[in-house]
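**Q**
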Amino acid sequence: MKRRDFLKSVSGLAAGAALPAMPQVISTAYADARSETLLIVSEGGPNNLDIHGVGTNVPGYEVSWNCYDRLISHEMKTGPGGVPYYDRDKFKPELAEEFKIDDMSVTFKLRKNAKFHDGTPVTAKDVKWSLDRAVSVGGFPTFQMSAGSLTKPEQFVVIDDTTVRVDFLKKDKLTIPDLAVIVPCIVNSELVKKNASEKDPWGLEFTKQQTAGSGAYKVTKWTAGTEVIMERNEDWVCGPLPKIKRVIWRMVPQAGNRRALLERGDADISYELPNKDFQEMKANGKLNVVSLPFSNGIQYIGMNVTKPPFDNPKVRQAIAYALPYQKIMDAVMFGLANPMFGAPKDKPTEVAWPQPHKYNTDIEKAKALMAEAGLANGFETTISFDLNFAGVNEPLCVLVQESLAQIGIKTTINKVPGANWRTELNKKEMPLFTNVFSGWLDYPEYFFYWCYHGNNSVFNTMSYKSAEMDKLIDGARTAAATGDTATYDTDVKGFVDLAFTDIPRIPLYQPFVNVAMQKNISGYQYWFHRRLDYRALVKG
């Protein structure tokens, strides 16, 4: 396609407000070598460029992953369908050139030639300041660090300019994996401190708007809700220099426009399309479509157990029997998900997560439970969802709305803008909602620590508390660290059973990551965070 025809085709798609600016962005891309420029289109974009920021959304994770380095990362292995897949149990140096794990500490030797984007050398002082920041800012980052028993600045010790030690508070199977997730990224401490203030000692407002890392890419332009432009860091030394020099990530809210841009060859890669579109694109064979199950992840219906009538287990169980599980699988997911419902009544609980519960659609049983709860005539409430993922969430909520109406529950659908979703979740005020959670560390006790423990995690979105649940989760974590397999198995099965009995959240299905890309794009890798790793992508 000639550039003139290409621009005309994009203009023809710009029926909504989302696309008029697209020709200018594409024009810039064509001024560069197209083989070195990657054009991504998605439904929503980042609301913050810093993973440590307050309420940073999932698209923000993608920026952080590609623009910051961590001390270590995962090795890759061959996953389903031959797709490169992160290896949960194997780690390799990233910003560190080597690391040594001792009984109660791990020591990292930094790459001596590593530099931040402004040319400043990366030192052990930057590493300590960054890890101190992660355990101190509060909210999601600090809780994420605590998942690996990383909670105190005193744990991070500078030995010399290029050596740093992390001391363990206790034996914890999750400590080393937790150092390889997105949160413990290394920040240019001197740059950020210059832009901090008494009210903002960690410089979160500064890093919300620009990156301050040493990673393979750096943000050169960000217009919230419209686009992110990233350029390759030519001085990156933590891996092979990426083939892609420039990434243009464009927010195109209308799914039909995103699909059209892909099918015309005007965009290189996209996700967050309706599953029906992915299935059709798979069938026509013009694009490469990758579909893989979320690791350690489910889509669920959550109920805030502090808000009546959701504080009544019978009401929660009634809703679990009223949900239209198979309709959602057929009409929303189009087969691109694993069902997490309808397990046989005699099926024993497994030492695994996720696994299906035994609820299935049974309207009469749901009505009976509502009557037992003293709510035979039902009640009114709202059901909320994240507009960043409207392609799935909106039709799902419509089906839930219709099904709950059959047992007298009248729901109003509340569409929350993607930029505000994490903030609204953190408030824990929504009575009924749908959401996805996928544990970065692929262990049952990690998922339950985040989602069911009474420690007020940001992802215990139901405000659920149970002393018995806490004991089982803590017991499984201790047993995993000490190698007590029998206790571990008992505790995991125990907390899964309790979650399904108390049912503060109702698993619907294990979603798939779906990514559509042009045939000349290769190098896609599946990561625990489910976002794109530009460093491995190649455009032929």
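Position 27 of the sequence shown, counting from 1, maps to 319 under our numbering, and the rest follow consecutively.
The C-beta atom is built at its ideal place from N, Cα and C for all residues, glycine as well.
As the structure is a computational prediction, the values presented were derived from the model and not from experiment.
Thinking C-beta only, is ARG550 closer than 9 Å to PHE820?
**A** Position 528 of the sequence shown holds residue 820. Position 258 of the sequence shown holds residue 550. No, the Cβ-Cβ distance between PHE820 and ARG550 is not below 9 Å.
**Q** Please give me, in chain order, every unbroken run of the beta strand (DSSP E) with length at least 3 that falls completely inside the region 689-720.
**A** 701-708
**Q** From TYR613, PRO631, ALA612, MET368, pick the residue whose C-alpha is nearest to that of MET621; which is it?
**A** Reading the sequence shown from its first residue, position 329 is the one you call residue 621. MET621 has its Cα closest to that of PRO631, out of TYR613, PRO631, ALA612, MET368.
**Q** Are the Cβ atoms of ALA508 and TRP742 separated by less than 9 Å?
**A** Numbered from its first residue, the sequence shown carries residue 508 at position 216. Numbered from its first residue, the sequence shown carries residue 742 at position 450. It is not a contact, given that the beta carbons lie outside the stated cut-off.
**Q** With H, G and I counted as helix, E and B as strand and the rest as coil, what does DSSP make of MET522?
**A** Counting from one through the sequence shown, the residue named residue 522 turns up at place 230. In this structure, MET522 counts as strand in the three-state DSSP scheme.
**Q** Going by other Cβ atoms of all chains shown within 10 Å of its Cβ, with 16 needed for buried, is PRO636 buried or exposed?
**A** As a first step, residue 636 is located in the sequence shown; it is residue number 344 there, counting from the start. Classification for PRO636: exposed.
**Q** Output needed for PRO585: all residues of its chain with C-beta closer than 7 Å, excluding positions within five of it in sequence on either side, in chain order.
**A** Position 293 of the sequence shown, counting from 1, holds the residue named residue 585. Once the five neighbours on either side are set aside, the close Cβ partners of PRO585 are ASN630, GLN802, PHE804.
**Q** Quick one, which of GLU328, THR329, GLU335 has its alpha-carbon nearest ASN680's?
**A** On the sequence shown, residue 680 is found 388 positions in, with the first residue counted as 1. If we check each option's Cα against that of ASN680, GLU335 comes out closest.
**Q** Look at LEU363 and PRO385 and say whether their C-beta atoms are less than 9 Å apart.
**A** For the purposes of this step, residue 363 is identified with residue 71 of the sequence shown, where counting begins at 1. For the purposes of this step, residue 385 is identified with residue 93 of the sequence shown, where counting begins at 1. With contacts defined as CB atoms closer than 9 Å, LEU363 and PRO385 qualify as a contacting pair.
**Q** Can you tell me where the beta strand (DSSP E) with THR515 in it begins and where it stops?
**A** Residue 515 sits at position 223 when you count from the first residue of the sequence shown. From DSSP, the beta strand (DSSP E) with THR515 extends over 509-515.
**Q** Do LYS444 and ALA773 have their C-beta atoms closer together than 9 Å?
**A** Residue numbering aside, residue 444 sits at position 152 when the sequence shown is read from its first letter. Residue numbering aside, residue 773 sits at position 481 when the sequence shown is read from its first letter. No, they are not a contact pair.
**Q** When we look at the beta-carbon of THR704 and count the other beta-carbons within 10 Å, is it buried (16 or more) or exposed?
**A** Against the sequence shown, residue 704 aligns to sequence position 412. Flag for THR704 reads exposed.
**Q** Where does the unbroken beta strand (DSSP E) through SER587 begin, and where does it stop?
**A** Indexing the sequence shown from 1 puts residue 587 at position 295. Premise fails: SER587 is in no beta strand (DSSP E) and is neither H nor E.
**Q** Evaluate contact between the region 717-731 and the region 593-603, counting only Cβ atoms and requiring at least three cross-stretch pairs below 8 Å.
**A** With the cut-off at 8 Å, the region 717-731 and the region 593-603 touch.
**Q** May I ask you to check if the CB of THR348 is nearer than 8 Å to at least one heavy atom of the ligand ZN?
**A** The ligand ZN is not among the ligands present in this structure, which contains no ligands whatsoever.
**Q** For PRO736 versus TRP645, is the C-beta distance shorter than 9 Å?
**A** Stepping through the sequence shown from its first residue, residue 736 is reached at position 444. Stepping through the sequence shown from its first residue, residue 645 is reached at position 353. For PRO736 and TRP645, yes; Cβs fall inside 9 Å.
**Q** If you run the structure through DSSP and keep just helix, strand and coil, what is LEU800?
**A** Here residue 800 refers to the residue found at position 508 when the sequence shown is read from its first residue. Here LEU800 sits in strand by DSSP.
**Q** Run through DSSP, which three-state label would ASP453 get?
**A** As a working mapping, residue 453 is identified with position 161 in the sequence shown. If DSSP states are grouped into helix, strand and coil, ASP453 belongs with coil.
**Q** Taking contact to mean 3 or more Cβ pairs, one atom from each stretch, closer than 8 Å, check whether the region 406-420 and the region 760-768 are in contact.
**A** Using a C-beta cut-off of 8 Å, the region 406-420 makes no contact with the region 760-768, since fewer than three inter-stretch Cβ pairs fall below that distance.
**Q** Would you identify the three-state DSSP class for ASP464, choosing helix, strand or coil?
**A** The residue you call residue 464 lines up with position 172 of the sequence shown. It is coil, neither helix nor strand.
**Q** Since PRO376 sits in a beta bridge, which residues does DSSP pair it with?
**A** The sequence position of residue 376 within the sequence shown is 84, counting from 1. BP columns for PRO376 point to THR370.
**Q** If we require 3 or more residues per run, which beta strand (DSSP E) segments fall completely within the region 600-679?
**A** 629-631, 671-678
**Q** Tell me the rounded alpha-carbon separation between LYS420 and ASP394.
**A** Translated into positions along the sequence shown, residue 420 becomes position 128. Translated into positions along the sequence shown, residue 394 becomes position 102. Rounded to whole angstroms, LYS420 to ASP394 spans 19 Å at the Cα level.
**Q** Have a look at the DSSP bridge pairing and note the partners of PRO385.
**A** The count along the sequence shown starts at 1 and reaches residue 385 at position 93. ILE364, per the DSSP bridge assignment.
**Q** In the structure shown, what three-state DSSP assignment does ASN339 receive?
**A** Walking along the sequence shown from the start, residue 339 turns up at place 47. Looking at ASN339 - three-state DSSP - the assignment turns out to be coil, as it is neither helix nor strand.
**Q** Which residue wins for smallest C-alpha separation from LEU691, given the options TRP541, GLY431, MET625, ASP825?
**A** To locate residue 691, count along the sequence shown from 1; it is residue 399. Of the listed residues, the one whose Cα sits closest to LEU691 is MET625.
**Q** Should ASN580 and MET368 be called a contact, given that it needs their Cβ atoms to be closer than 9 Å?
**A** By one-based count along the sequence shown, residue 580 stands at place 288. By one-based count along the sequence shown, residue 368 stands at place 76. For ASN580 and MET368, no; Cβs fall outside 9 Å.
**Q** Restricting to Cα atoms, I'd like to know which of ILE701, PRO376, PRO605, ASP361 is closest to VAL529.
**A** The residue given as residue 529 occupies position 237 in the sequence shown. The option with the nearest alpha carbon to VAL529 is ASP361.
**Q** What is the residue span of the alpha helix (DSSP H) that TYR816 lies within?
**A** By one-based count along the sequence shown, residue 816 stands at place 524. Run containing TYR816: none; DSSP gives neither H nor E here.
**Q** Can you tell which of MET761, LYS719, ASN718, LYS720 has the C-alpha that lies nearest to the C-alpha of PHE739?
**A** For the purposes of this step, residue 739 is identified with residue 447 of the sequence shown, where counting begins at 1. Measuring from the Cα of PHE739, the nearest candidate turns out to be MET761.
**Q** Based on the DSSP output, what are the partners of PHE400 in its beta bridges?
**A** Counting from one through the sequence shown, the residue named residue 400 turns up at place 108. BP columns for PHE400 point to PHE391, VAL456.
**Q** Using a 10 Å radius around the Cβ and a threshold of 16 neighbouring Cβ atoms, would you call ALA778 buried or exposed?
**A** Residue mapping note: residue 778 aligns to position 486 of the sequence shown, counting from 1. Burial call: exposed.
**Q** Count the other C-beta atoms from every protein chain shown that fall within 10 angstroms of the C-beta of SER562, then say buried if there are 16 or more, exposed otherwise.
**A** Residue numbering aside, residue 562 sits at position 270 when the sequence shown is read from its first letter. Its Cβ being crowded by 16 or more others within 10 Å, SER562 is buried.
**Q** Compute the beta-carbon to beta-carbon distance between ASN567 and ASN806, rounded to the nearest angstrom, for a pair I have assumed lies under 8 Å.
**A** Stepping through the sequence shown from its first residue, residue 567 is reached at position 275. Stepping through the sequence shown from its first residue, residue 806 is reached at position 514. So it is a contact: roughly 7 Å between Cβ atoms.
**Q** How would you label THR512, buried or exposed, when you count the other beta carbons within 10 angstroms and need 16 or more for buried?
**A** Along the sequence shown, read from residue 1 onward, the residue named residue 512 stands at position 220. It is exposed - the Cβ of THR512 has fewer than 16 other Cβ atoms within 10 Å.
**Q** In three-state DSSP terms, what is ILE765?
**A** Working through the sequence shown from its first residue, we reach residue 765 at position 473. Helix, per DSSP.
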